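S.K.: Start counting the sequence shown at 1289; every next residue gets the next number (the working numbering).
Just so it is clear, CB atoms sit at the ideal spot from N, CA and C, and this is done for glycine as well.
These numbers come from a predicted model, not from an experiment.
Dropping the structure in here first, questions after.
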Amino acid sequence: MNVPACSRARERGVALVEFALVLPLLLVLSLVTVELGRGLYQYNLITKSVRDASRYLSMHTPNTRLTEARNLVVHGNTAGTGPPLAAGLAAVHVIDPVWQTSGTLPVVSTVTVEVRGYVFQSLFAGAFGLPLGNITFGGIQATMRCFT
C-alpha cells in the first residue's frame, strides 16, 4: 500500500511541531536535574570537609588549631591556600567548634564542627518562567570522638 507523498510530508510536519512543543519541557527538566546534581555534590563536598575538620580537631588539644580547622573546611588544607572548595563558602560559615565531655567510666570527649548559612548559588536564575533561585543549606555538622 503506497502512502501519498503529501501525507508523509504532513506527518513530518506534525512530528516537528510535537518536538517543538516538548523541547521546552525537556530543557527545564535537564536544567533542574543538573542544578540538583550540583547542589547535592556541593552538599556532600561540604559534609566531607566538615568531617575532615572534626577528625583533625579530635587529634589535637581542645580549643587549639581552630584556624587550621576552618581552613580545612573552606579550602581543604590547613594552610588556607587555594580557592574555596565550594563557590561562596567562607570561614564565616564555620561555627566555632564545640568540645563536650560525657560519662564517668569511661569519660568520652567529642568535638563538633558545623557549617551554617551556606547558600548554594544556582547557575540559572530561572528557566521558562520557573525560578531556580539559590538554596540555603541547613546546618551541616560532624562529631568525632577525641583521642587526646
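According to DSSP, which residues form a beta bridge with F1408?
M.R.: Its beta-bridge partners are I1423.
S.K.: Mind listing, in chain order, the continuous alpha helix (DSSP H) runs of no fewer than 4 residues lying wholly within the stretch 1297 to 1367?
M.R.: 1354 to 1363
S.K.: Going by Cα to Cα distance, which pick from V1399, L1393 and A1379 is closest to V1386?
M.R.: V1399
S.K.: In its own chain, which residues sit with a C-beta less than 7 Å from the C-beta of G1327, not counting the 5 before and 5 after it?
M.R.: F1408 and I1423
S.K.: Spatial neighbours of R1404 within its chain, please: C-beta separation below 6 Å, excluding the five flanking residues on both sides.
M.R.: I1383 and G1427
S.K.: If you follow the beta strand (DSSP E) that T1431 is in, where does it begin and where does it stop?
M.R.: I1428 to R1433
S.K.: Which of helix, strand or coil does DSSP assign to V1395?
M.R.: coil
S.K.: Hey, out of P1350, V1322 and G1364, whose CA is closest to L1333's CA?
M.R.: G1364
S.K.: Out of curiosity, what's the CA-to-CA distance linking V1302 and A1308?
M.R.: 10 Å
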